[in-house]
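Numbering (the working numbering), first residue to last: 1481 to 1801.
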Amino acid sequence: MKVFVTRQIPDAGLDRIRTACDCDVWPEPLPPSRDQLLEKSAGCDGVLTLLSDRIDAEFFDRVGPQLKVVSNFAVGYNNIDVAEAARRGIAVGNTPGVLTDATADIAVGLLLAAARRMREGIDNVTNQQWKTWEPMGFIGQDLVGKTIGIVGMGRIGAAVARRLHFGWGMSVVYTSRSDKPELDSELNARRVAFSQLLSDSDFVSIHTDLNPATEKLFNDSAFAKMKPTSVLINTARGGIVDQDALHQALQSGTIFSAGLDVTEPEPLPVSSPLRSLGNCVILPHIGSGTVASRDAMATIAADNLLAGLAGKPLPHRVDPA
Ligand code: GLV
Ligand code: GLV
């Protein structure tokens, strides 16, 4: 079986693939270009992809009808046309469950950094502007006893809610496609309408997937409903936030600050005005970046790939629905 792995991933997964397949791994730190991706994948029985690889009808046409499986090295899969894969009988896998805590930790870290103006503080030190202890300087938002709004109460959303409820005594409100009675009792959480979440929350953290219903969900009208002291955290997908509207909201004081681990596109262009705002903390999409998470993602992605090649059910299969 011939497979293309679109980037170097941890040996925990790569070793299994190398043992079982004729395996080509893209060796560069930067992703293959579109042409290189299509060329390297052509004739393959399976591909192991990253969230930066667009997998669509054109890709499937070029790779050929022998393609059995696309294994994404991520829990999110908005880079893959899953419906088109299903039509062609190609299995799609992802890596859920193993990056929940790592991503929740980054969300809480961004919340602390954005609420307590850490970017401005770090810039102040780095730029040799630290002159004295300032009784009126760098005054941020309190956390204890405030309200956290979780947009998308899945595994990661619940892990963030637990940290903030048990650690900082926050009240939890959330939006979700379904009721979560067990979380309502564990966290004394309340499922509310999106507009109510915006107006009630001191902190809003995004944990939904990117789909047509959530694209640019955070736009001018959403920011207008948020408190001027509120903080927005996004560790999900950049496309869920209208970045022009976010820039406007941060600059005008419509909201207090933001912490982003994801942007649209990635990397965020050097010309993006968000980069120069002191009240916008930006990380280069590192939510899943711990030893255990990345090793487990590699193992699951390899297992999905090998199962798909063998014509067996994927341990973690993405369904078109
Ligand atoms: C990372 O963003 C992932 O979806 O795993
Ligand atoms: C601050 O450093 C304090 O001691 O209050």
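For glycine and all other residues, C-beta sits at the position ideal for the given N, C-alpha and C.
Val-1640, DSSP secondary structure in three states: The count along the sequence shown starts at 1 and reaches residue 1640 at position 160. When DSSP states are grouped into helix, strand and coil, Val-1640 belongs to the helix group.
6 Å Cβ shell around Thr-1715 - same chain, five flanking residues per side excluded: Numbered from its first residue, the sequence shown carries residue 1715 at position 235. Thr-1583, Ile-1586, Ala-1587, Asp-1741 and Gly-1767, listed in sequence order.
Heavy atom of ligand 1 within 7 Å of Ser-1768 beta-carbon: Reading the sequence shown from its first residue, position 288 is the one you call residue 1768. Yes, the Cβ of Ser-1768 comes within 7 Å of a heavy atom of ligand 1.
Cross-strand partners of Lys-1482 (DSSP beta bridge): Within the sequence shown, the letter at position 2 stands for residue 1482. Paired residues: Asp-1502.
Uninterrupted beta strand (DSSP E) stretches inside the segment 1699-1734 (no shorter than 3 residues): Segments of the beta strand (DSSP E) lying fully in the segment 1699-1734: 1711-1714.
In chain order, each alpha helix (DSSP H) run of at least 4 residues that lies wholly inside the segment 1615-1665: Residue ranges of uninterrupted alpha helix (DSSP H) with 4 or more members, entirely inside the segment 1615-1665 and ordered along the chain, are 1635-1648.
Where the alpha helix (DSSP H) containing Ser-1452 begins and where it ends: No answer is possible for residue 1452: it lies beyond the span of the chain, which begins at 1481 and ends at 1801.
Burial state of Thr-1499, where buried means 16 or more other Cβ atoms lie within 10 Å: Here residue 1499 corresponds to residue number 19 of the sequence shown, with the count starting at 1. When all chains shown are included, Thr-1499 counts as exposed.
Euclidean distance between Cα positions of Phe-1539 and Tyr-1557: On the sequence shown, position 59 is the one that residue 1539 refers to. On the sequence shown, position 77 is the one that residue 1557 refers to. So the two alpha carbons sit approximately 15 Å from each other.
Whole-angstrom distance between Asn-1784 and Val-1505, CA atom to CA atom: Residue numbering aside, residue 1505 sits at position 25 when the sequence shown is read from its first letter. Residue numbering aside, residue 1784 sits at position 304 when the sequence shown is read from its first letter. Spanning the two alpha carbons is a distance of roughly 17 Å.
Thr-1529 - partner residues in DSSP beta bridges: By 1-based counting over the sequence shown, the position of residue 1529 is 49. Looking at the DSSP output, Thr-1529 sits in a beta bridge with Asn-1552.
Same chain, Cβ closer than 8 Å to Val-1485, neighbours up to 5 away in sequence not counted: The count along the sequence shown starts at 1 and reaches residue 1485 at position 5. Answer for Val-1485: Leu-1494, Ile-1497, Cys-1503, Asp-1504, Val-1505, Trp-1506, Val-1527 and Leu-1528, listed in chain order.
Three-state secondary structure assigned by DSSP to Ile-1570: One-based indexing of the sequence shown puts residue 1570 at position 90. DSSP places Ile-1570 in coil when its eight states are reduced to three.
Where Ala-1790 sits in the DSSP three-state scheme: Start at 1 with the first residue of the sequence shown, and residue 1790 comes out as number 310. Secondary structure at Ala-1790: coil, using DSSP grouped into helix, strand and coil.
Buried versus exposed call for Gly-1791 [16 or more other C-beta atoms within 10 Å across all chains shown]: To locate residue 1791, count along the sequence shown from 1; it is residue 311. Exposed, by the Cβ-count rule.
Inter-stretch contact at 8 Å, needing at least 3 Cβ pairs: the segment 1624-1633 / the segment 1652-1660: Cβ pair count under 8 Å is three or more, so yes.
Close-in-space but distant-in-sequence residues of the same chain around Ala-1729 (CB under 7 Å, 5 per side omitted): Taking the sequence shown and counting its residues from 1, one reaches residue 1729 at position 249. The answer, listed in chain order, is Phe-1703 and Ile-1735.
Buried/exposed call for Gln-1723, threshold 16 Cβ in 10 Å: Here residue 1723 corresponds to residue number 243 of the sequence shown, with the count starting at 1. Classified as buried, Gln-1723 has 16 or more neighbouring CB atoms from the shown chains inside 10 Å of its CB.
DSSP-derived helix/strand/coil call for Ile-1762: Within the sequence shown, residue 1762 is the residue found at index 282, counting from 1. Three-state DSSP puts Ile-1762 in a strand.
Endpoints, the beta strand (DSSP E) within which Ile-1602 is located: Residue mapping note: residue 1602 aligns to position 122 of the sequence shown, counting from 1. Per DSSP, Ile-1602 belongs to no beta strand (DSSP E); it is in the alpha helix (DSSP H), 1598-1606.
Near ligand 1: Gly-1573 beta-carbon under 7 Å from a heavy atom: Counting from one through the sequence shown, the residue named residue 1573 turns up at place 93. The answer is no for Gly-1573.
Nearest-angstrom beta carbon gap, Leu-1712 and Ala-1673 [assumed within contact, 8 Å]: Position 193 of the sequence shown, counted from the start, is the residue given in the question as residue 1673. Position 232 of the sequence shown, counted from the start, is the residue given in the question as residue 1712. Rounded, the Cβ-Cβ distance is 18 Å, inconsistent with contact.
Pair within 8 Å by beta-carbon distance, Ser-1710 and Val-1684: Residue mapping note: residue 1710 aligns to position 230 of the sequence shown, counting from 1. Residue mapping note: residue 1684 aligns to position 204 of the sequence shown, counting from 1. A contact, by the Cβ cut-off of 8 Å.
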